[in-house]
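Novice:
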Ligand SMILES: Nc1ncnc2c1ncn2[C@@H]1O[C@H](COP(=O)(O)OP(=O)(O)OP(=O)(O)O)[C@@H](O)[C@H]1O
Ligand SMILES: Nc1ncnc2c1ncn2[C@@H]1O[C@H](COP(=O)(O)OP(=O)(O)OP(=O)(O)O)[C@@H](O)[C@H]1O
Ligand SMILES: [Mg+2]
Ligand SMILES: [Mg+2]
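Protein chains in written order, with the working numbering: chain A, 459 to 832; chain S, 459 to 832; chain L, 55 to 339; chain R, 2 to 313; chain F, 33 to 317.
(1) Whole angstroms are fine: how far does the CA of residue 251(F) sit from the CA of residue 166(L)?
(2) Note down, one range per segment and in chain order, each alpha helix (DSSP H) of at least 4 residues found wholly within the stretch 748-794 of chain A.
(3) Can you tell me where the beta strand (DSSP E) holding residue 488(A) begins and where it ends?
(4) Cutting at 6 Å between CB atoms, please list the residues of its own chain near residue 200(F), excluding the five before and the five after it.
(5) Hey, residue 281(L) and residue 205(L): beta-carbon distance below 9 Å or not?
(6) Is it buried or exposed, residue 145(L), if we count other Cβ atoms within 10 angstroms and call 16 or more buried?
(7) Using a Cβ-Cβ cut-off of 9 Å, state whether residue 653(A) counts as contacting chain S.
(8) Does DSSP put residue 704(A) in a helix, a strand or coil?
(9) Kindly indicate which residue of 168(R), 301(R), 97(R) has the alpha-carbon position closest to the one of residue 121(R).
(10) One question on the structure: do residue 215(R) and residue 111(R) come within less than 9 Å of each other, judged by their Cβ atoms?
(11) Excluding sequence positions up to five away, which residues of its chain have a Cβ less than 7 Å from the Cβ of residue 409(A)?
(12) Taking DSSP as the reference, what is the three-state secondary structure of residue 205(F)?
(13) Which residue wins for smallest C-alpha separation from residue 140(R), given the options 35(R), 209(R), 297(R)?
(14) Within 10 Å of its beta-carbon, does residue 84(L) have 16 or more other beta-carbons around it, so buried, or fewer, so exposed?
(15) Output the distance between the C-alpha atoms of residue 543(A) and residue 207(F), rounded to the nearest integer angstrom.
(16) Rounded to the nearest angstrom, what separates residue 213(R) and residue 282(R) at their Cα positions?
(17) Taking the straight line between their C-alpha atoms, what separation do you get for residue 772(A) and residue 804(A)?
(18) Where does the unbroken beta strand (DSSP E) through residue 249(R) begin, and where does it stop?
(19) Are the CB atoms of residue 116(F) and residue 192(F) within a distance shorter than 9 Å?
(20) Measure the Cβ-Cβ separation of residue 92(R) and residue 264(R) and say whether it is below 9 Å.
(21) Using Cβ-Cβ distances below 7 Å, what residues of the stretch 156-179 of chain F are close to chain A?
(22) State yes or no: is the beta carbon of residue 239(F) nearer than 9 Å to at least one beta carbon in chain L?
(23) Taking all protein chains shown into account, decide if residue 110(F) is buried (16 or more other Cβ within 10 angstroms of its Cβ) or exposed.
(24) Please decide whether residue 803(A) counts as near chain S, where near means a Cβ-Cβ distance under 9 Å.
(25) Using a Cβ cut-off of 8 Å, pull out every chain L residue sitting near residue 559(A), in sequence order please.
(26) Excluding the five sequence neighbours on either side, which residues of its own chain have a C-beta within less than 7 Å of the C-beta of residue 464(A), listed in chain order?
(27) For the putative contact between residue 125(L) and residue 291(L), defined by C-beta atoms under 8 Å, what is the C-beta separation to the nearest angstrom?
(28) I need the DSSP call for residue 470(A), collapsed to helix, strand or coil.
(29) How would you label residue 311(R), buried or exposed, when you count the other beta carbons within 10 angstroms and need 16 or more for buried?
(30) Whose beta carbon lies closer than 7 Å to any heavy atom of ligand 4, going through the chain in order?
(31) In terms of residue numbering, what span does the beta strand (DSSP E) encompassing residue 211(R) cover?
(32) Check whether the Cβ atoms of residue 218(L) and residue 329(L) lie closer than 9 Å to each other.
(33) Pick out the complete alpha helix (DSSP H) segments inside the stretch 52-139 of chain R, 4 residues or longer, and give them in chain order.
(34) How would you label residue 331(L), buried or exposed, when you count the other beta carbons within 10 angstroms and need 16 or more for buried?
(35) To the nearest angstrom, report how far apart residue 563(S) and residue 45(F) are at their CA atoms.
(36) Please list the partners that residue 626(A) has in chain S, where partner means a Cβ-to-Cβ separation under 7 Å.
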């Protein structure tokens, strides 16, 4: 079932939680709503479900206008952030609830319900817990039961509010994968909320980045990463180093530091270069590309990478810089705390001063382009 | 102040939350307690603070035996997971609390307290919020106030329970860095609980990995990553692919698949190879090193990497395999969903069948060794 | 775009998510109107028959004013005592395990179940100078029965459950972390209680004390048996209402009752608002 | 039963009517062949009057307060305007007077009203504001003062009454409360209440522990009865109601009443029980205050004599 | 070296403090609640067991007991339904005047019971504007059981709602929202999701309502008409017996009320305890 939102807005009292926004979701798509706390993700999800009424706008499910339809009749599955399992019912009763409250006409008979619940519990691999109470389950188990309960009535649309928020990294990954395969198998349309970028990027067909009640960008994960269309999206999707430069002699200067004009054919100007931390190389001397002296503040080997924290030396930056090196790269030039090193960008995004437009992608050597296809 | 735990154990009713464990923490060290939910991290932290009594064992702070000392007199700073700010006091009053309840003899006078609070609030960069109530702060701000409050009485030991658990990735990173610099500046001994491996690895001088009330391993981050001494630690520190092989003709076989004996000089046996996902290369054909046919299940570009999910083809593995490729590597061989590819390990850890010992590190070509120094 | 605009600008009619708004609010309002407000019209109509000056004269009668003083003082003392004792009871019931705790818990509601007159007679029996307590107190030179102190005793007996039952659930819900935070900062038990726990209990405690106070203002049956009812000394306002009733002076009775009622309602309303503010500061919503 | 009537009565008349009702039932059956059921309601008589005004369907009232019957006539036209004339003796089939109960041996040496205004004598009687019993007590004291100091010497009268009131230890709201206070709590030296009560109390709490003192002058306390005509007409019980009250004057009934320590008018019975009821000079309310309406207005009303004397 | 000592970590857990507070509570409770209770029984049994049973067996007493039960039986369900509806509307929806509604709900606590009775009398009595109409149509509400039920409902109506509102506020709406999304209708939602969550508070509210309904004296006495064997409730009957120098019988009946109250309260404690134990057993295995 496709979903179509048109000019949806919502205020709480004085506070504009959602500015008018529109969004189309295709049938069978899995959409991730990503954004910082308070950006309106939950509000949007609840409006789609019908748990909250929009102040203006229209919602369509497929061809049907559901704007004024009651939650009950929208036939969506909803998984709450903290599960909202019925505490006084066993796991099996929780899952059966949606079936048992159906109209007498539609309701499957007892045996069918039992059969269906059994099947659902097996699907979420928790058949053996049918008679437990929610308080006796771990977080991951609760989450799966909440999913099974939401799926019991075979909704066309599944909505999930931070479905993996409270879980361990490991459990989280497992469940994430499981949800994806379930989605691909059954083929419902789903929308989930998260504030974990990795989760959004890994799980969704398209990601909706929100901030302050606006949609900042809607794109496929690779696209989003390759072409963030605003500083906000950029900032939000992982660590980034910002070089604030003035154009002088076809170089971007910041006090003693400078970066030369990139090889790509982009007319330069005053503005900011955004450089991702794994697109920085560290050298012992300035190169032709850049003269960015930095003092090493910390060197942290984090799993497959070495993260080097850097402090601008004789030039200004609002934040600490960070370079993520492979162990191999690091071994070639094992910098130490306190040393001065010179960074060289491979790729960057250029935000023109005074312009609100999407940044231009620039590069200095033949660094490979990120993949774009899924 | 150094901390020395000897044979600390704790049961709740029937449940052994901590098996006798010992741990030495040096003065000025920053220790991360890492482990899955329920592994006893909080319990251990609370025992160090004196909020919980151990069933057996001894605790020393420096030269002093504090086993039977009341929390009040241990003089530790404790930051609670959900901050536990006093809701009815302003930010300034919260921070001042520890000073105001001092003995009349030691207590600074009003003006001094005010001065000190002001200084602390500036240190956490929240001087302008002195008169707000906790409910008017964001999560990150609350966290910083909780820290300021804990530091007000100048404790020698600072204990933090999942200090950044509930925060956005971005805020989290900022605070983490800030805490580290504060630690380095003031020089207290600190112990913090986390279940985020990245956090533990980045922040701590040494990491204590716990499971089921045991300490699994205590090591510096790089060491821990390079030489995990058990499957548990291995599993817990990031994704890993497991190849379960039988030794035949000096190859490890699993049905149709095999991996040849590694170049390093380790006598092989039946057992399991643990291969990290970024230490896998993907080829279109079997190589001399390995014949590991896998079907591509998904290709997800996640930031600087492309994550390829793989399903064993004509051999068995309990879990889905995962390969993390750089965009460059991926561009060289852009595999598609459904294709069959052949994986080749670069480095791996070998767990000998029936042995409880630490795994042996093995490799097949001259891949660079991970760094070991900080 | 512009074609959909007209449709989109119409404000959607959102049905309430949870059912029963009309039913529950409607029947609550109906019930409140019928059971609570309608009878109030009787009071209003009775007092409306009097002129303003007559109303004023009735409610400011010297003896009535004296009774306000006695009643308010006694109610203040009784409810403050109940605040302390109720807090103690709630604390002990929530924080400690000991044999007989459940019976103690059950006993708290006893004053609700006893007819007030029985309570009054029983208290008079105990506190009279020849009663079990009266004898002991007499040796200390304290007279309770037939003095204003007797009023206090009767009032606090009949209204003790209010404090316990409002404080208890809040105390149960109190998370231990704030307390522990206080202790790790070096505060003594007493400082933690006074500066951390008590402020969290304030709203409930104040509500409980206020309910206890208003209940005490209106108490009649239990009080008259121990009060002594001496003019200007131990006559309570409820007795003055009763006297007016005996004289078949319904308007005057209604007038005095309306004073008590308005005072009580204002107090309760003020406390509801204060409590909402306080809670808002605590919870931010 | 063929008919049912509701007798609304004052609070301590429960046993009295519990004894009278069977007597009347038998009489009525003999007279008419019909059975009658009699329901009883007991509470303070002012409260009862209030209830009847508001709709309590009483057929007859048997009160201890003339005013409480009068108000039924005045306010609600429930009782005939001339109800006092409907039956002999102002429609009061029995009467009593105010007497004293003192502790054993009469330690404070109380014999008459004058002794009650002595220093360190503690008095217990119900509050005149809330209780008819109390009003009789006050009026009796006033009657004594008028008798003693002369009708016009109001200063002396009020001086006496002021000390009299100041000697009160406890003002209970009703007669029973005062009794309890005096007997069970041991408060005060003198309990002032109806003579009928005083004797009841002695029977209840021990003949030996208390002594009854009947002062030389006291007040005539009437126990008025009346048919609530509006109700009984509506209920069709006017005849039986009327007879229920008239029969109280029969010799049999009067004997019964006397056994409850009430004074009665029937000469035969009077002679039989003469030794139990000492001679007293009985002043009427009319003599003391000009009648109940005047008493209520000039003495008991808000801010009038009683209030003035009690003011500190 | 090994020391199995437990640390005191919560405020007031130090044995000295703990036992002082428990002791103080027990003493105060004994003095303020238990001894009065004992004194009632003492006076009830003063003439021996036989007299006690006799006085309870008196037909008027038996009728009073029956009437009291009957009134409670009607009052409790009415207030149960009303309390649930009111709590539902106030906690599950936002609407203007919510605070006022919650204050209005407290009116019965602010009104002296005698005045409450008077209010009903002024309205439904013959001279009231509704009463006059009732009189014309020969409907007897006051001085008959309907009036008694009405004022009892008035006096006890806040109890259920007051128990439910804080709990339902704290539980939030999420469970119910989940049920609505799954397609539950209003009644299904209430019966299968809400009710199980609030049943303990509800039970407690019912027990308090019952206790108060059984014991109410002031308001009932005004509207009852005190007709023996017809409109005398147990508390009124106690009063009557007492006025009539039948102290023993009065206290026997009073002790019966206390026993009824204690039994219901202890019954509640018992099922709570069983539930708790069942729950513990569940969550540990
Ligand atoms: N019922 C409400 N009344 C008032 N304000 C509300 C309400 N619900 C949400 N808001 C406000 O609307 C904004 C958006 O809230 P929302 O819950 O949608 O954020 P979110 O993106 O889900 O954040 P989080 O990641 O913290 O869950 C927030 O500022 C929040 O305070
Ligand atoms: N007061 C208690 N009573 C009973 N069991 C407890 C208590 N406190 C902790 N436990 C149990 O002890 C074990 C360890 O708990 P602990 O809180 O130390 O885990 P943790 O490692 O901090 O987990 P998490 O990451 O979920 O916070 C858990 O199984 C928990 O259920
Ligand atoms: Mg949210
Ligand atoms: Mg923990």
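Backbone N, C-alpha and C define an ideal beta-carbon position, used for all residues, glycine too.
Specialist: On the basis of the coordinates in this document:
(1) Looking at the two C-alpha atoms, the distance is approximately 14 Å.
(2) With a minimum length of 4 residues, the continuous alpha helix (DSSP H) runs that stay inside the stretch 748-794 of chain A are 785-790.
(3) 488-492 is the extent of the beta strand (DSSP E) around residue 488(A).
(4) Here the set comprises 119, 123.
(5) Here residue 281(L) is near residue 205(L), since their CB atoms are less than 9 Å apart.
(6) Around the beta carbon of residue 145(L), a 10 Å sphere encloses 16 or more other beta carbons of the protein chains shown; the residue is thus reported as buried.
(7) So, interface residue.
(8) Here residue 704(A) sits in strand by DSSP.
(9) It is 168(R).
(10) Taking 9 Å as the Cβ cut-off, residue 215(R) and residue 111(R) do not qualify as a contacting pair.
(11) What the structure shows of chain A is the stretch from 459 to 832, and residue 409(A) is not part of that stretch, so it cannot be assessed.
(12) It is coil, neither helix nor strand.
(13) The option with the nearest alpha carbon to residue 140(R) is 297(R).
(14) It counts as exposed.
(15) Each residue's Cα considered, the two are about 7 Å apart.
(16) About 17 Å.
(17) Straight-line spacing of the CA atoms in residue 772(A) and residue 804(A) works out to 22 Å.
(18) Careful: residue 249(R) lies outside any beta strand (DSSP E) and carries neither H nor E.
(19) Yes, the Cβ-Cβ distance between residue 192(F) and residue 116(F) is below 9 Å.
(20) No, Cβ-Cβ distance for residue 92(R) and residue 264(R) is not below 9 Å.
(21) Listed by position, the residues of the stretch 156-179 of chain F near chain A (Cβ gap below 7 Å) amount to none.
(22) So, interface residue.
(23) With 16 or more other Cβ atoms within 10 Å, it is buried.
(24) It does not; no Cβ of chain S falls within 9 Å.
(25) Here the premise fails: no neighbours, minimum Cβ distance about 12 Å.
(26) Only 480, 515, 516 meet the Cβ criterion.
(27) Right, the Cβ-Cβ distance comes to about 5 Å (below 8 Å), so this counts as a contact.
(28) Residue 470(A): strand per DSSP, three-state reduction.
(29) Within a 10 Å sphere around the beta-carbon of residue 311(R) sit 16 or more other beta-carbons, which makes this residue buried.
(30) Taken from the N-terminal end onward, the list reads 499(S), 500(S), 539(S), 619(S), 620(S), 651(S).
(31) From DSSP, the beta strand (DSSP E) with residue 211(R) extends over 211-214.
(32) No, the Cβ-Cβ distance between residue 218(L) and residue 329(L) is not below 9 Å.
(33) DSSP assignment within the stretch 52-139 of chain R yields the following whole alpha helix (DSSP H) runs of 4 residues or more, N-terminal first: 67-77, 84-87, 89-92.
(34) For residue 331(L), the number of other beta carbons within 10 angstroms of its own is below 16, and it is reported as exposed.
(35) In this structure, the CA atom of residue 563(S) is about 26 Å from the CA atom of residue 45(F).
(36) Neighbourhood of residue 626(A) in chain S, by CB distance below 7 Å: 494, 495, 653, in chain order.
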